[in-house]
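K.L.:
In the working numbering, the protein residues as written are 107 to 233.
First, the structure itself, so that you have it in front of you.
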């Protein structure tokens, strides 16, 4: 495996580890009724907040690593650079979600997701 492939794996691991920030702050500060993500709300109703958060973490980690491995081992330089950029953005979003959960600080991207989740909740009929 080339160095760029190792960087892809490391970035995927960092994206997975920063998901813990989201998970812990959600467990500490969010309940079923205050969860903004309608899919998360449904999951929390079924598994509880802790169970739903940790289930999401496991799925997130499996997806991150499952996508990273083929890029790292078989991808060309452009694929690897794109994967690194995507994992960097995901890391940033995990941290910003943790900040929103703990302090109510919403970056423009977070505000966009809040609007999207409101729209999605209306379309899915999840309240």
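In this text, a Cβ means the ideal position worked out from N, Cα and C, and glycines have one as well.
Tell me which same chain residues have a C-beta within less than 6 Å of the C-beta of residue 234, skipping the five on either side of it?
P.N.:
The structure shown does not extend to residue 234, since the chain is modelled only from 107 through 233, so no value can be given for it.
K.L.:
Find the nearest neighbour of residue 115 within the set 166, 175, 123 and 157, judged by alpha-carbon distance.
P.N.:
Numbered from its first residue, the chain shown carries residue 115 at position 9. The shortest C-alpha separation from residue 115 is found at 175.
K.L.:
Return the first residue and the last residue of the alpha helix (DSSP H) that residue 212 is part of.
P.N.:
The residue labelled residue 212 in the question sits at position 106 within the chain shown. Careful: residue 212 lies outside any alpha helix (DSSP H) and carries neither H nor E.
K.L.:
Below 8 Å on the Cβ atoms is my guess for residue 124 versus residue 218; work out the distance and round it to an integer in Å.
P.N.:
Residue 124 sits at position 18 when you count from the first residue of the chain shown. Residue 218 sits at position 112 when you count from the first residue of the chain shown. Incorrect: roughly 19 Å between the Cβ atoms, too far for contact.
K.L.:
Are three or more beta carbon pairs between the stretch 120–139 and the stretch 148–167 nearer than 8 Å?
P.N.:
The answer is yes - the stretch 148–167 touches the stretch 120–139, with three or more Cβ pairs under 8 Å.
K.L.:
With a cut-off of 8 Å, does the C-beta of residue 197 fall near any C-beta of chain C?
P.N.:
In the structure shown, chain C cannot be found, because there is only a single protein chain.
K.L.:
With distances taken Cα to Cα, identify the nearest neighbour of residue 202 among 192, 191 and 214.
P.N.:
Along the chain shown, read from residue 1 onward, the residue named residue 202 stands at position 96. Among 192, 191 and 214, the Cα nearest to that of residue 202 belongs to 214.
K.L.:
Buried or exposed: which applies to residue 149, given that a residue is buried once 16 or more other Cβ atoms fall within 10 Å of its Cβ?
P.N.:
For the purposes of this step, residue 149 is identified with residue 43 of the chain shown, where counting begins at 1. It is buried - the Cβ of residue 149 has at least 16 other Cβ atoms within 10 Å.
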